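Protein chains: 2
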Amino acid sequence: MFEALETGKALSNEDFQTLRSQLRPALLAEQFKLRDQPYPALVLIGGMDGAGKGAAVHRINEWMDPRLIETSAFWMHSDEEESRPFFWRFWNRMPRKGRMGIFLQSWYSRPWYDAMEGRLSKAEFGDILRDIEAFERMLTDDGVLLIKIWLHVSRKTQRLQLTEEAPRKQQNPRVPADADTWWKQYPDALTASEQLIRATDVSHSPWHLVEAEDRHYRDATVNQIILASLESRANTDAPVRTGIATTPDSRAGQPTLLDQVPLDKAVPKDKYKEKLTTLQSELQDLSWQAFHRRRSVVAVFEGWDAAGKGSAIRRVTTAMDPRLYHLIQFAAPTDEEADHHYLWRFWRQIERDGIATLFDRSWYGRVLVERVEEFARPDEWQRAYHEINQFEQQLLDHGSIVLKFWIHISPEEQLLRFKSRETQPHKQHKITDEDWRNRDKWSAYEQAVEDMVSHTSTAQAPWHLIAGNSKHYARLEILKTYCKALKAAL
Amino acid sequence: MFEALETGKALSNEDFQTLRSQLRPALLAEQFKLRDQPYPALVLIGGMDGAGKGAAVHRINEWMDPRLIETSAFWMHSDEEESRPFFWRFWNRMPRKGRMGIFLQSWYSRPWYDAMEGRLSKAEFGDILRDIEAFERMLTDDGVLLIKIWLHVSRKTQRLQLTEEAPRKQQNPRVPADADTWWKQYPDALTASEQLIRATDVSHSPWHLVEAEDRHYRDATVNQIILASLESRANTDAPVRTGIATTPDSRAGQPTLLDQVPLDKAVPKDKYKEKLTTLQSELQDLSWQAFHRRRSVVAVFEGWDAAGKGSAIRRVTTAMDPRLYHLIQFAAPTDEEADHHYLWRFWRQIERDGIATLFDRSWYGRVLVERVEEFARPDEWQRAYHEINQFEQQLLDHGSIVLKFWIHISPEEQLLRFKSRETQPHKQHKITDEDWRNRDKWSAYEQAVEDMVSHTSTAQAPWHLIAGNSKHYARLEILKTYCKALKAAL
Chain Z
1 MFEALETGKA
11 LSNEDFQTLR
21 SQLRPALLAE
31 QFKLRDQPYP
41 ALVLIGGMDG
51 AGKGAAVHRI
61 NEWMDPRLIE
71 TSAFWMHSDE
81 EESRPFFWRF
91 WNRMPRKGRM
101 GIFLQSWYSR
111 PWYDAMEGRL
121 SKAEFGDILR
131 DIEAFERMLT
141 DDGVLLIKIW
151 LHVSRKTQRL
161 QLTEEAPRKQ
171 QNPRVPADAD
181 TWWKQYPDAL
191 TASEQLIRAT
201 DVSHSPWHLV
211 EAEDRHYRDA
221 TVNQIILASL
231 ESRANTDAPV
241 RTGIATTPDS
251 RAGQPTLLDQ
261 VPLDKAVPKD
271 KYKEKLTTLQ
281 SELQDLSWQA
291 FHRRRSVVAV
301 FEGWDAAGKG
311 SAIRRVTTAM
321 DPRLYHLIQF
331 AAPTDEEADH
341 HYLWRFWRQI
351 ERDGIATLFD
361 RSWYGRVLVE
371 RVEEFARPDE
381 WQRAYHEINQ
391 FEQQLLDHGS
401 IVLKFWIHIS
411 PEEQLLRFKS
421 RETQPHKQHK
431 ITDEDWRNRD
441 KWSAYEQAVE
451 DMVSHTSTAQ
461 APWHLIAGNS
471 KHYARLEILK
481 TYCKALKAAL
Chain L
1 MFEALETGKA
11 LSNEDFQTLR
21 SQLRPALLAE
31 QFKLRDQPYP
41 ALVLIGGMDG
51 AGKGAAVHRI
61 NEWMDPRLIE
71 TSAFWMHSDE
81 EESRPFFWRF
91 WNRMPRKGRM
101 GIFLQSWYSR
111 PWYDAMEGRL
121 SKAEFGDILR
131 DIEAFERMLT
141 DDGVLLIKIW
151 LHVSRKTQRL
161 QLTEEAPRKQ
171 QNPRVPADAD
181 TWWKQYPDAL
191 TASEQLIRAT
201 DVSHSPWHLV
211 EAEDRHYRDA
221 TVNQIILASL
231 ESRANTDAPV
241 RTGIATTPDS
251 RAGQPTLLDQ
261 VPLDKAVPKD
271 KYKEKLTTLQ
281 SELQDLSWQA
291 FHRRRSVVAV
301 FEGWDAAGKG
311 SAIRRVTTAM
321 DPRLYHLIQF
331 AAPTDEEADH
341 HYLWRFWRQI
351 ERDGIATLFD
361 RSWYGRVLVE
371 RVEEFARPDE
381 WQRAYHEINQ
391 FEQQLLDHGS
401 IVLKFWIHIS
411 PEEQLLRFKS
421 RETQPHKQHK
431 ITDEDWRNRD
441 KWSAYEQAVE
451 DMVSHTSTAQ
461 APWHLIAGNS
471 KHYARLEILK
481 TYCKALKAAL
């Protein structure tokens, strides 16, 4: 979930000033417009310790008109608050219609700390998160524009923030005397954060995940999300998930998760044959073991056009007894499928215990092609992240092993493959005008992939990004990952 | 929750035939209209064993065109189903757009049996219900018209159904050889049902609770709910909670919960004084005990105009140290209150641990006056039941004691009191034109009260219906209930 938030997104001082000069007047204009709207706006700033939540709130107040913003921090727990039900303190500071509020700590903070520090079990934390989700739904049903922003920093950066680079850190009473305490609990904080975001990342109040390594990028993006949310709500009455305003865009040109895929990886031809044989025979054994233990695999294969999905899947299926898997390819839905919920066509294919179901393209089409090509409305694909997470959770709860592969290639490699397909008679059927059209939307797809990974890569069902410029390398990687997952589960 | 479902609602054969002749053509018309709609309708029939779920489904198929209905029962658990995730079986039978499906058992059945028979703990059942709520939301977000009907029978009737009056009962393999088994677990079934309905009675897919003691009333009402839901969705794109179609109305003239309040109860004057003194001094002690144990009371006083709320509350407050309670009267909201969620004005008044907050009129205004006077839109007051249940749960979870009183009087008694107010100079301020107008809407309020009790009376925070024709009797009853609740909690 947080992989896509450690790609080194940053803004030079110059770019930051440019964005600032575009964002400020737009923010002020939306702020004044809000005063006449029949709803309040409430910004929640959450995130890792050391991510600069306080500094981000400072910047919002600096760029907007602070007289129209009411900022509340709930980090001191007064006697007045403690002696009333938990939500009382938040109700008390709720902005009225036409006003904007910022909660620097919110209803998330205490349960989050309690979860990461072991005072709440995973199940107890889950119950609280579901109550929070219902509470937020009540607010948004009533019209509240809820803008939830999560700031993420890597473990390394957190350590720097808390030890070396923050001379005034002592002023924050939450910083422990021994800064290592936090650093040590970083993995627990990530686990709690993933659970928190998954449970409450719903379409009426989505989480906006922001990489906070670079303060320029962080502050510009936070303000941009607020602007986009205010604009979108005033114009279309809907929350936005992307948080990217129409004109200024801090995400443009930033390194994405896909840039981190080591595309130069390859494997010598003789080694390939040898390793392929070893892995395939391993998979053969494992898939029979899975059958006998009644454990299913649900595997999803996604990737760029010409990334080599088909040939990679073939290396998996040839290793398995045909009775043990079911491979389905998905293109446009049939009319019967179109008459059902988009998940229906995938649910009906799910195989029995012990059998693998391999999906050549999958439900992720909802947040990839359907998003980019606008086959699905924004509210439809935005709520799909949560729906997909629920669906996969049901598979996992049943005992299935969920595997998700994205095969990545560079645009240059794709071009080479397209051209080769056009010239080779037996491959011409594999290249169509649509492929060329999709290629033109490379950056839109890149963004969709990054958002997809952010919102649906989880500890139990992570996305595996496979370097695909070398087809041999990609096939071995997929087989390796597949076998590893089976071994871990059996 | 089920009090309002044991009032003896019934239809004579003649009335039943009349309703039938009105409902059938309307149902058929809606059925044909549905074929061109971009959504399916899915009817879930749940409820107590012996309530006649199967018979009700029969009747639906008899009155509508069965060729356009696909009925599925999920009571046999096939190997195919068991070897896939739980929801697979339901996905597989999901109606497509324009079609209607009936699920005679649904995703509720197995968890409900497991909860009542102790195979699931309350918390585990709660988790499943939340997953179901999310699943249903996914369906309704996608457009599915979900019509959820719960059939209730009293313990006595269930016993009759399962032992004496059902000669063919042996054919149903769920009926245990010893019919007493079910009768013995009736209380557990009620507990599980209350939890089930509370958790999933949300505005996008509300539960329709139907008294099933009389098969004519049951069948007419079930069909009427389906008709009203189809009509409402085709015309306004919203689900309806009341399930009462515009013309035929099986609920008209039926005995309501309020008819069961023993209005003839009274207390001799000399006994009154004596009992009042005893109860008040008891309450004085108990309220100090509550203070020392930091337990709060949140008490709600509702009732008809001139029911004697004010004087009853005075008998409570005079018994308590003024430092130990906070009494607030509610009329029309202030402008600041109107700019917030309707619960805000109540939340802000909640007192600290150990102090009682007494509400003279309350958040229930949302589902009473705001519903009847149309100050709130149907979707607003319909979702309020769930919001109110959540709010009260937060109070209960914090340790507060929640008390809810409805003071009931007969319309005749109200008339006497209104007239007496008009003639007595010191009481004239208490009677306004509005009171006379409200009086004209007696039956609409009666319906609203019955729905309110059905949807918000829970084991932990039940409604107390107080017979108010004798003011003395009502005051003593309230004091008695108040003391009893404190004693039970302390």
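Line order of the protein sequences matches chains Z and L. Under full-length UniProt numbering, the first sequence has 59 at position 59, and the numbering climbs by one with no breaks. Under full-length UniProt numbering, the second sequence has 198 at position 198, and the numbering climbs by one with no breaks. Here a beta-carbon is modelled for each residue, glycine too, at the ideal position from N, C-alpha and C. This structure is a prediction, so every number in the text was calculated from the model and none was measured.
Distance, residue j Cα to residue i Cα
{"i": "L476(L)", "j": "K273(L)", "result": "10 Å"}
{"i": "Q424(L)", "j": "S400(L)", "result": "41 Å"}
{"i": "L104(Z)", "j": "I149(Z)", "result": "10 Å"}
{"i": "D360(L)", "j": "K122(L)", "result": "34 Å"}
{"i": "S410(Z)", "j": "V367(Z)", "result": "21 Å"}
{"i": "V369(Z)", "j": "W344(Z)", "result": "18 Å"}
{"i": "Q170(L)", "j": "R67(L)", "result": "With a pLDDT of only 48 at Q170(L), under 50, the local geometry of the prediction cannot be trusted, and the value read off the model is given with reservation. Answer to the nearest angstrom: the Cα atoms are 29 Å apart."}
{"i": "A212(Z)", "j": "G310(L)", "result": "57 Å"}
{"i": "A490(Z)", "j": "D214(L)", "result": "The sequence shown places Leu at residue 490(Z), rather than the Ala named in the question. Between L490(Z) and D214(L), the C-alpha separation is close to 55 Å."}
{"i": "G472(Z)", "j": "R315(Z)", "result": "A quick correction: the sequence has His, not Gly, at residue 472(Z). Looking at the two C-alpha atoms, the distance is approximately 10 Å."}
{"i": "K156(Z)", "j": "R96(Z)", "result": "40 Å"}
{"i": "N13(L)", "j": "H216(L)", "result": "7 Å"}
{"i": "Q447(L)", "j": "P85(Z)", "result": "32 Å"}
{"i": "P248(L)", "j": "A444(L)", "result": "16 Å"}
{"i": "S362(Z)", "j": "F87(Z)", "result": "40 Å"}
{"i": "A252(Z)", "j": "R294(L)", "result": "56 Å"}
{"i": "E81(Z)", "j": "R89(Z)", "result": "6 Å"}
Own chain partners of residue i with C-beta closer than 7 Å, once the 5 adjacent residues on each side are dropped
{"i": "K223(L)", "result": "Here the sequence assigns Asn to residue 223(L), which means Lys is not the residue at that position. Excluding residues within five positions, the ones whose Cβ falls inside 7 Å are L23, L27, R59, I60, W63."}
{"i": "E336(L)", "result": "none"}
8 Å contact criterion, which residue i and residue j should meet: CB distance rounded
{"i": "S106(Z)", "j": "L44(Z)", "result": "4 Å"}
{"i": "L129(L)", "j": "L196(L)", "result": "6 Å"}
{"i": "L486(L)", "j": "A290(L)", "result": "6 Å"}
{"i": "D353(Z)", "j": "S83(L)", "result": "4 Å"}
{"i": "V297(L)", "j": "Y364(L)", "result": "Between Y364(L) and V297(L) the Cβ distance is about 17 Å, and since that is not below 8 Å, they are no contact."}
{"i": "L279(L)", "j": "C483(L)", "result": "6 Å"}
{"i": "E3(L)", "j": "V453(L)", "result": "6 Å"}
{"i": "S232(L)", "j": "L19(L)", "result": "In fact, because the Cβ distance is near 19 Å, the residues do not count as touching under 8 Å."}
{"i": "L151(L)", "j": "R218(L)", "result": "6 Å"}
{"i": "T140(Z)", "j": "H204(Z)", "result": "4 Å"}
{"i": "A332(L)", "j": "Q284(L)", "result": "Not a contact, Cβ separation roughly 34 Å."}
Neighbourhood of residue i by C-beta, 8 Å cutoff - its chain only, sequence neighbours within 5 removed
{"i": "D435(Z)", "result": "D305, A306, F418"}
{"i": "I158(L)", "result": "The displayed chain sequence assigns Gln, not Ile, to residue 158(L). Within the same chain, Q158(L) has close Cβ partners M48, D49, G50, A51, W182, W183, Y186."}
{"i": "W288(Z)", "result": "D321, L324"}
{"i": "E133(L)", "result": "A199, T200, V202"}
{"i": "I328(L)", "result": "Q349, T357, L358, F359, D360"}
{"i": "A234(L)", "result": "E30, K33, L34, Q37"}
{"i": "H408(L)", "result": "L258, V261, L263, G303, W304, A307, L465, I466, A467, G468"}
{"i": "K269(Z)", "result": "H472"}
Chain-order list of residues whose beta-carbon lies under 6 Å from that of residue i (same chain, five-residue window excluded)
{"i": "R93(Z)", "result": "S72"}
{"i": "R99(Z)", "result": "P40"}
{"i": "E422(Z)", "result": "I431"}
{"i": "P378(Z)", "result": "none"}
{"i": "Q254(Z)", "result": "K9"}
Within-8 Å CB hit, residue i to chain A
{"i": "R383(Z)", "result": "No chain A is present in this structure, whose protein chains are Z and L."}
### Query
Looking at C-beta atoms only, is the number of pairs between the region 219 to 231 of chain L and the region 456 to 467 of chain Z that lie closer than 8 Å three or more?
No: the two stretches stay apart, fewer than three of their Cβ pairs being nearer than 8 Å.
#### Entry: chain Z contacts from the region 343 to 374 of chain L (Cβ-Cβ distance under 7 Å)
Contact residues of the region 343 to 374 of chain L toward chain Z are W344, W347, R348, I350, R352, D353 (C-beta to C-beta distance below 7 Å).
### Task
Name, going along the chain, the residues of the region 318 to 344 of chain Z whose beta-carbon falls closer than 7 Å to a beta-carbon of chain L.
Listed by position, the residues of the region 318 to 344 of chain Z near chain L (Cβ gap below 7 Å) are E336, D339, H340, H341, W344.
### Task
Pull out every residue of the region 78 to 99 of chain L whose Cβ sits closer than 8 Å to any Cβ of chain Z, in chain order.
Listed by position, the residues of the region 78 to 99 of chain L near chain Z (Cβ gap below 8 Å) are E80, S83, R84, P85, F86, F87, W88, W91, N92, M94, R96, K97, G98.
### Contact list for the region 387 to 410 of chain L against chain Z, Cβ threshold 8 Å
Answer in chain order: E387, Q390, Q394, L395, D397, H398, S400.
### Residues of the region 111 to 142 of chain L whose Cβ lies closer than 8 Å to any Cβ of chain Z, in chain order
If the cut-off is 8 Å between Cβ atoms, the region 111 to 142 of chain L has A123, G126, D127, R130, D131, A134, F135, M138, L139, D141, D142 near chain Z.
### Query
Touch check for the region 464 to 474 of chain Z and the region 371 to 383 of chain Z: three-plus C-beta pairs under 8 Å?
The region 464 to 474 of chain Z vs the region 371 to 383 of chain Z: no contact.
### Query
Can you list, in chain order, the residues of the region 299 to 319 of chain L whose Cβ is nearer than 7 Å to any Cβ on chain Z?
Under the 7 Å Cβ criterion, the region 299 to 319 of chain L contributes no residue.
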